[in-house]
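A short worksheet on the structure shown next.
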Amino acid sequence: MYYGKNPALCLFDYSVHEDRANQFYLAIRKYYPGLKDEPLEPSYAGIRPKIFGPEEGPTDFVVQGEETHGISSLVNLFGIELPGLTFSMAIVEHIAAKLLK
353 MYYGKNPALC LFDYSVHEDR ANQFYLAIRK YYPGLKDEPL EPSYAGIRPK IFGPEEGPTD
413 FVVQGEETHG ISSLVNLFGI ELPGLTFSMA IVEHIAAKLL K
């Protein structure tokens with residue numbers, strides 16, 4: 353593994369291969385059998401940046417439900433780091449309330 357400023361020297365391949373989408377559908381349908389073919393699309397892979405920009409105030413984490421992406425019974429959790437674990441029970445209660453509406 354290379355740690356440095358030149359990403360070309362990194363030994364990990366973070367490229368996204370669209371031809372592997374079927375493998376993702378098969379894996380996800382094991383726990384979410386109602387997943388349709390359209391919702392997944394290739395995106396970023398690798399180390400995730402912070403979820404706020406230089407002109408924005410810090411955001412601890414983001415919770416997205418059906419009102420954001422239109423898929424019932426799916427809740428996305430982004431940017432939860434160590435401080436978020438402190439609030440994990442409150443996060444679970446928030447998510448449960450979203451799903452039980």
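Note that the numbering used here has the sequence shown beginning at 353, numbered continuously upward.
Think of the CB as a built atom: it goes at the ideal place given N, C-alpha and C, for glycine as much as any other residue.
**Q.** Residue environment, GLY417, which counts as buried when at least 16 other CB atoms sit within 10 Å
**A.** buried
Q: Give the DSSP-derived three-state secondary structure of LEU451 in the structure shown.
A: helix
(Q) Alpha carbons only, please: which of SER424, ASP371 and THR411 is nearest the one belonging to GLU393? (A) ASP371
Q. For LEU456, which of helix, strand or coil comes out of DSSP?
A. Any question about residue 456 goes unanswered here, given that the chain covers just 353 to 453.
(Q) Just to confirm the assignment: which complete alpha helix (DSSP H) runs, minimum length 4, are found wholly within the segment 395–428? (A) 418–421
Q.
Checking the sheet assignment: what are the DSSP bridge partners for PHE430?
A. VAL414
Q. Closest to LEU387 by CA distance: which of LEU429, GLY422 and PRO410 is it?
A. GLY422
Q.
What does the alpha-carbon distance come out to for the pair ILE447 and PHE439?
A. 12 angstroms
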